[in-house]
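Enquirer: In UniProt numbering, the protein residues as written are 1 to 623. A single structure is presented below for examination.
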Amino acid sequence: MSHEPLYCEDLFNYHRNPTRPVKVGIKTIGGNSPIQIQSMTTTNSLDAEATATQVMSILDAGADIVRITTQGRSEAHTLEQVKRIIREKGYEAPLVADIHFNPNAAKVAASNVEKVRINPGNFSGGAKKFNLDYTNQQYNEELAVAKSKLSAFLDVCKQYGTAIRVGTNHGSLSDRIMSRYGDTPQGMVEACMEYLRMCEELEFRDIVLSIKASNTRIMVHTVRLLVSAMKKENMNYPLHLGVTEAGSEDEGRIKSAVGSGALLVDGLGDTIRVSLTEDPEKEVPVATKLVKHITARNNHQPIPSTDKLYFTPFEYNRRKTHAVLNMGGDNVPVVICEAVDEFSTGKALKPDYLVIESPDDVKNHYQKYLIPFKAWKTANTSDNTIPVLTAEEFIDTPELPKTSFLSISYPEFNDEITDKLRENTQVIILLESSHINRPVEQRAFIFKLIEQQLTHPVVLNNKYEDDNDEDFQIKSAADAGILFLDGLADGLFLHNLGKIKHQEIINTAFGILQSSRVRFTKTEFISCPGCGRTLFDLQETTRQVKARTSHLKGLKVAVMGCVVNGVGEMADADYGYIGSGPDTVSLFKKRELIKRNLSKEEAVDELINLIKEHGDWVEPPQK
């Protein structure tokens, strides 16, 4: 427990974290500027016409800034042509060069575009040698080499007014950092802080920072830790947000909203990219909707709460609760949904509980139902129905049922409720909120439970009115994800009054729990969006891999476009399918190379064989 939340301005009222403004061409990142939306091209970066065309398409979709893969000096020179083409077409938005291993290419790019992204894990060290045995002298000598290369690069940036992004990715830390910290949040933060300190010593401050991971828990904890570290050293550089390799379709949208949404909720983030294994134009509306959903909370009605921090913001620790039914304690979070005529489980994901209005709705094949208290007490109900009481009913009922749900919101939480909860342990909180800053009000309620030493399980009860699946996924994931990432909730009940199909609501709830890493009900796919380094059809390959492996519950499978990021950034995956050349693929178990340079025609079959060889395969269910 801490008395000073060091990573954000206010845990209970939405405020953007104050950062210094950084000019990037005609745009400003940080300061009082709106959150900037980004995406990245997937074309061959040597093809200026194709790349410029895609840049303009991304901007037409609503992006503010576009990033371009820049492998070497040739690609860096091509950026000048790309910029000229889009300027001639009337597009003034800034371009960003994405550099990994080539400081010389970075210097060329800095003279051609408005911003250059460098990865401190490999910017100055060349290929990784996996040497993790550094003396202090060796550590400092390598740091001096990094500073020398960085200095030469920053001289060009100063000359042309070019900003930089120091972008650290989980799985791509330098051997030097790995030797002291391992592949940890602390290591990722120190990789950023080393470069920040060097930049300040070199009197360069036009810097944006990013720390990304495909694991939302690691990503959120590490960004918070970075902000805290900056505050301790009187730094306030703006942040670029993103969940790397979020995947495609529903899971990519939900995972991005859970990770980036959790940071935006607390006012962190000045620019954002949603990384989907889809055409880059499709990333832009997802990021735009996410930002709009969160920033609409600006100047909201204040939420009074404690000044204490009743969770651990830099590591996962679940709130201590006692078990009621199969909720709380050591149980995985549950999913609750409404029972409607269209609901048919079949082989689809099935919720733990259904909500019904009267005993007449009980269906023999389903064993767990929630029912309003009035209907429950006036009917001859069976043991498979559990009553739901309002706050008023909860207070006014002298003798409560053996087990019950209390439907309540934060403004209804008073001393009478507290006292009665102390007397009745077999109660599950069904936590509602109509506040525009829903997750923060719900967090305030849970903090009050902790403050009062009440350990009842809490199920989030969140309602929406959307007609579009994507809108519903983004909003519900951004609102609920933060509370699961911080270990504060024990279940999720999503409603939607619009035209979303019932099974989609259920799938979204389970997707939020999986993206928050608290309950795994399907295969987790870690797939990158692709870029100019990708030399095979990433989208089609991802579809093929999903079709063959989507029944492997809990297994993590990575499909990565290239070896530059792939091996490191599949750090959280069990198996990796990683591009190694034109239409060739290498297969990995964890980070160990198993099969090299397979043709794309045989690679998916060989991936299945690899999974079978290591005992992780189960036969798919019969259709």
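We treat Cβ as the ideally placed atom computed from N, Cα and C, and that holds for glycine. No experiment lies behind these values; they were computed from the predicted model shown.
1) Kindly indicate which three-state DSSP category E251 falls into: helix, strand or coil?
2) Starting from Y139, trace the alpha helix (DSSP H) in both directions and tell me its first and last residue.
3) For a quick check, are the C-beta atoms of S275 and T321 less than 8 Å apart?
4) Go through the region 203 to 284 residue by residue and report every complete run of the alpha helix (DSSP H) that reaches 4 residues or more, in order.
5) With distances taken from CA atoms, which of N468, L485, D490 and Q473 is nearest T455?
6) Excluding five sequence neighbours on each side, which residues of the same chain lie with their C-beta closer than 6 Å to the C-beta of Q622?
7) To the nearest angstrom, report how far apart residue 625 and R176 are at their CA atoms.
8) Going by C-alpha distance, which of K590, T425 and T523 is nearest V618?
9) List, from N- to C-terminal side, the beta strand (DSSP E) runs of 3 residues or more that fit wholly inside the region 369 to 437.
10) Alpha carbons only, please: which of E75, F525, R596 and L598 is nearest the one belonging to D574?
11) Quick one: what does DSSP say E524 is sitting in, helix, strand or coil?
12) Is H170 near the ligand ATP, with its Cβ less than 7 Å from a heavy atom?
13) Going by the DSSP bridge assignment, what does R67 pair with across the sheet?
14) According to DSSP, which residues form a beta bridge with E338?
15) Ordered along the chain, which non-local residues of its own chain (more than five positions away) have a Cβ less than 7 Å from that of E606?
16) How long is the line joining the alpha carbons of G252 and V286, rounded to whole angstroms?
17) Taking just the CA atoms, how far does E194 sit from N140?
18) Evaluate N384 with the Cβ neighbour count: other Cβ atoms within 10 Å of its Cβ, from every protein chain shown; 16 or more gives buried, anything less gives exposed.
19) Specify the secondary structure class of L587 as computed by DSSP and reduced to three states.
20) Taking the alpha-carbon positions, what's the S74 to E233 distance?
21) Can you give me the start and stop residues for the beta strand (DSSP E) that I505 sits inside?
22) Only counting the same chain, and skipping five residues up and downstream in sequence, which positions put a Cβ closer than 6 Å to that of T584?
23) Determine whether the beta carbon atoms of A509 and V284 lie at a separation below 8 Å.
24) State the beta-bridge partners of I118 as determined by DSSP.
25) Measure the CB-CB distance between T162 and V116 and report whether it falls below 8 Å.
26) Which one of P457, D250 and K556 has the shortest CA to CA distance from D471?
27) Within 8 Å of any Cβ in chain D, is that where the Cβ of E49 sits?
28) Measure from the alpha carbon of A52 to the alpha carbon of each residue in G561, V458, H100 and G90, then state which is nearest.
29) Would L209 and C192 be called neighbours here (beta carbons separated by less than 8 Å)?
30) Just the Cα atoms here: how many angstroms apart are K363 and L460?
Expert: If we stick to the structure as given:
1) If DSSP states are grouped into helix, strand and coil, E251 belongs with the helices.
2) Bounds of the alpha helix (DSSP H) holding Y139 are N136 to Y160.
3) Contact: no.
4) 216 to 232 and 249 to 265
5) D490
6) Counting only Cβ-Cβ distances below 6 Å, and skipping sequence neighbours, we find nothing.
7) Any property of residue 625 remains undetermined from this structure, which presents the chain solely from 1 to 623.
8) T523
9) Fully enclosed beta strand (DSSP E) runs of 3 or longer: 369 to 372, 385 to 390, 404 to 409 and 427 to 432.
10) F525
11) Correct three-state label for E524: strand.
12) No copy of the ligand ATP occurs in the structure displayed, which carries no ligand at all.
13) M40 and V96
14) Per DSSP, V355.
15) Correct list, in chain order: L587, K595 and L598.
16) When rounded, the distance between both Cα atoms is 10 Å.
17) 11 Å
18) exposed
19) strand
20) 39 Å
21) Unbroken run through I505 is the alpha helix (DSSP H), H502 to S515; no beta strand (DSSP E).
22) Close CB contacts of T584 within its chain, under the 6 Å cut and outside five residues either way in sequence, are with N597 (chain order).
23) no
24) V166
25) yes
26) D250
27) The chain labelled as chain D is not found in the depicted structure, where only one protein chain is given.
28) G90
29) yes
30) 25 Å
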